[in-house]
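Each remark here refers to the structure printed beneath this line.
Number of protein chains: 2
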Amino acid sequence: MTEARPDFRQGPGITRVAALLGDPSRAAMAEALMSGMALTANELAQEAGIAASTASGHLAQLLHEGLLSVTPRGRHRYYRIAGPEVASALEGLMGLVEAKGPSRCRPGPHDPALRHARSCYDHLAGALAVQMHDSLAARGLLRPGPEGLVLSETGASALAPLLPGVRLLAGRQCLDWSERRMHLAGPLGRALLLALLDQGWARRGQGREIALTRREEAGFAALFPLPQGSGAVW
Amino acid sequence: MTEARPDFRQGPGITRVAALLGDPSRAAMAEALMSGMALTANELAQEAGIAASTASGHLAQLLHEGLLSVTPRGRHRYYRIAGPEVASALEGLMGLVEAKGPSRCRPGPHDPALRHARSCYDHLAGALAVQMHDSLAARGLLRPGPEGLVLSETGASALAPLLPGVRLLAGRQCLDWSERRMHLAGPLGRALLLALLDQGWARRGQGREIALTRREEAGFAALFPLPQGSGAVW
DNA sequence: CCGGTGCTTCGGTGAGGGCCGAAGCATTCC
DNA sequence: GGAATGCTTCGGCCCTCACCGAAGCACCGG
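In order, the protein sequences belong to chains A and B. In this text, residue positions in the first sequence follow this note's numbering: the first is 5, and each later residue adds one. In this text, residue positions in the second sequence follow this note's numbering: the first is 5, and each later residue adds one.
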């Protein structure tokens, strides 16, 4: 016998958030914002294929629930994902639809460029991100700490050309939904992606794509070499 | 006239899953199953406060979408969370509502026992889980590999009393939503929790709670000592 | 100033979907 | 065997909520 129900007919806390993400239009907006770029209300409306007025209502809800943040700039209002927790939750849901297999094979987001390198909210994802993680891990430059993964001192010096004043930023492992392997997220992951972009090791392409020229690709490989056993050796 | 839209009004992939979790009744069921225990359809109906027929429909949807799995046992049907990816997605959503702060302070799930030690789908969570992770990390027994975190060889031998035949199981770091710190999830996390329970280092309490007697608490502390700097030192 | 844009609020409309009770199968217990 | 229990399907009710267009504010330009 479960005694008197303490639960006020409203469901657990995740209900509100999940319901917001469970609407096609709002989900489309959220996914568009996962590129890490800030988008205006009109752009998001177009992305979702709805009227501006409808989009406005959706955005107000997402804002009120803390999933998005907004920065007014002139007569535009730029929306973006509110924070890493939101990105994590969205990643989790995305990983879920990937894991459910080829039941619904969307051709769009699966193009090779995105599998190779893309931004995942604020950090690098795709094959190159996995290589970055594996290279650091295999060389012992990464170790777990209370707040997540941190660079060892030799690791910090190895990345000096990329991040001159790298501090002991905490990162975390994030399951890459195209590679099914771990890559680096968290503050450390963000710092690495920003450094790659700021210092010309890579550039933003269409949407979430991260583009590298052949020369940049070589530079990346030199910075993040893979010893020998690349795969699931250990 | 909106019928000429090339986009099939269905939204991105996360929509379906999020919409499922966005219903109060389904969310309540999912959260109840996060204890890791398999529950019958009737128990879940009662948990959600709905009729058995309604619950049956919900469970069919969750099953069809791959969020739950079912094992018929006699005249009962035991439902459980389908896999780690589902648990991760739910954790992400839970972390989100925690991060949004005291806007809705639910007293129930916040009792001290749950903050101290609870099961998070299949692994240990709470203060003790953080201690376990930090102890292993601080002693250098954990290191990142391609598939996640693995125990070093000295780590495997240190845990021999707990896991005699421990293999190189991959774990991953998971943000604890009550402690705001990392704990161990993944296959390694699951194996550790199972070993703790099977070998009498701890027992299941009410719901997700993990209970330890004073003696068991001491044994745990001996197995997972914290060197000295416990907190956010590095 | 006065158009021109970006964004929001406001009613009214419509459909998708959650809810229940009753009836239909399946399984186990006596 | 028959009765009780667990679960599912079916039909019908009702309410929430996404949607749009038009009108109302803000902000920028000439």
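Backbone N, C-alpha and C define an ideal beta-carbon position, used for all residues, glycine too.
What does the alpha-carbon distance come out to for the pair ASP138(A) and LEU100(A)? Translated into positions along the first sequence, residue 138(A) becomes position 134. Translated into positions along the first sequence, residue 100(A) becomes position 96. Each residue's alpha carbon lies about 23 Å from the other.
Three-way DSSP call (helix, strand, coil) for MET41(A) in this model: As a first step, residue 41(A) must be located in the first sequence, where it is residue number 37. Coil at MET41(A), not helix or strand.
Closer than 8 Å between beta carbons: that is the criterion. Which residues of the segment 11–27 of chain B meet it against chain A? ASP11, ARG13, GLN14, GLY15, PRO16, GLY17, ILE18, THR19, ARG20, VAL21, ALA22, ALA23, LEU24, LEU25, GLY26 and ASP27
For the segment 144–155 of chain B against the segment 170–187 of chain B, do three or more pairs of beta-carbon atoms, one drawn from each stretch, fall closer than 8 Å, so that the two count as touching? Contact between the segment 144–155 of chain B and the segment 170–187 of chain B is present, with at least three C-beta pairs closer than 8 Å.
Closer than 8 Å, CB to CB, is GLY204(A) near chain B or not? The residue given as residue 204(A) occupies position 200 in the first sequence. Not one chain B Cβ lies under 8 Å of GLY204(A).
So SER73(B) is in the beta strand (DSSP E); what residue range does that whole segment cover? Along the second sequence, one-based indexing puts residue 73(B) at 69. From DSSP, the beta strand (DSSP E) with SER73(B) extends over 72–77.
Please list, in chain order, the residues of the segment 148–169 of chain A that have any C-beta partner in chain B closer than 8 Å. If the cut-off is 8 Å between Cβ atoms, the segment 148–169 of chain A has PRO148, GLY149, PRO150, GLU151, GLY152, LEU153 and VAL154 near chain B.
Chain B residues whose Cβ lies nearer than 9 Å to that of ALA32(A): For the purposes of this step, residue 32(A) is identified with residue 28 of the first sequence, where counting begins at 1. ASP11, GLY15, PRO16 and THR19, listed in chain order.
Should SER107(A) go down as buried or exposed, given a rule of 16 or more other Cβ atoms within 10 Å for buried? Against the first sequence, residue 107(A) aligns to sequence position 103. Caution is warranted here: a pLDDT of 42 is assigned to SER107(A), below 50, making its placement in the model unreliable, and the coordinate value is therefore given only provisionally. Flag for SER107(A) reads exposed.
Assess contact between the segment 20–40 of chain B and the segment 62–81 of chain B, defined as three or more Cβ pairs (one per stretch) separated by less than 8 Å. Is contact present? yes
Of all Cβ atoms in chain A, is any one closer than 8 Å to the Cβ of ARG176(B)? Indexing the second sequence from 1 puts residue 176(B) at position 172. Output row for ARG176(B): interface = yes.
Neighbourhood of SER39(A) by C-beta distance below 7 Å, restricted to the same chain and skipping five residues each side: If you number the first sequence from 1, residue 39(A) lands on position 35. Within the same chain, SER39(A) has close Cβ partners SER123, GLY211 and ARG212.
Pick out whichever of GLU51(B), ARG218(B), ARG143(B) and VAL134(B) has its Cα sitting closest to the Cα of TRP181(B). Counting from 1 along the second sequence, the entry for residue 181(B) is found at position 177. Comparing Cα positions, the closest option is VAL134(B).
Any beta carbon of chain B sitting closer than 8 Å to that of SER39(A)? Here the question's residue 39(A) lines up with position 35 in the first sequence. No, SER39(A) lies away from the interface with chain B (no Cβ there is under 8 Å from its Cβ).
Please work out which residues of its chain come closer than 6 Å, Cβ to Cβ, to LEU48(B), disregarding the five sequence neighbours upstream and downstream, and give them in chain order. Counting from one through the second sequence, the residue named residue 48(B) turns up at place 44. Within the same chain, LEU48(B) has close Cβ partners MET33 and ALA59.
Just curious, the alpha helix (DSSP H) that LEU25(A) is in, first and last residue? Translated into the one-based positions of the first sequence, residue 25(A) becomes position 21. 18–25 is the span of the alpha helix (DSSP H), which, as asked, contains LEU25(A).
To test your reading of the DSSP string, which unbroken beta strand (DSSP E) runs of 3 or more residues are found completely within the segment 145–196 of chain A? 146–149, 152–155, 176–179 and 186–189
Is the CB-CB distance between ALA86(A) and SER73(A) below 8 Å? Taking the first sequence and counting its residues from 1, the one referred to as residue 86(A) is at position 82. Taking the first sequence and counting its residues from 1, the one referred to as residue 73(A) is at position 69. Yes, these two residues count as a Cβ contact at 8 Å.
Just grab the DSSP bridge partners of ALA215(B) for me. Residue 215(B) sits at position 211 when you count from the first residue of the second sequence. DSSP output for ALA215(B) lists ARG207(B) as bridge partner(s).
Does the beta carbon of ALA225(B) sit closer than 8 Å to a beta carbon anywhere in chain A? Taking the first residue of the second sequence as position 1, residue 225(B) is located at position 221. So, not an interface residue.
Taking the DSSP output, what are the residues bridged to LEU128(A)? By 1-based counting over the first sequence, the position of residue 128(A) is 124. For LEU128(A), which the question treats as bridged, DSSP gives the partners SER123(A).
Chain-ordered neighbours of VAL101(B) on chain A, where CB pairs are closer than 7 Å: On the second sequence, residue 101(B) is found 97 positions in, with the first residue counted as 1. Neighbours of VAL101(B) on chain A, chain order: GLY17, ILE18 and VAL21.
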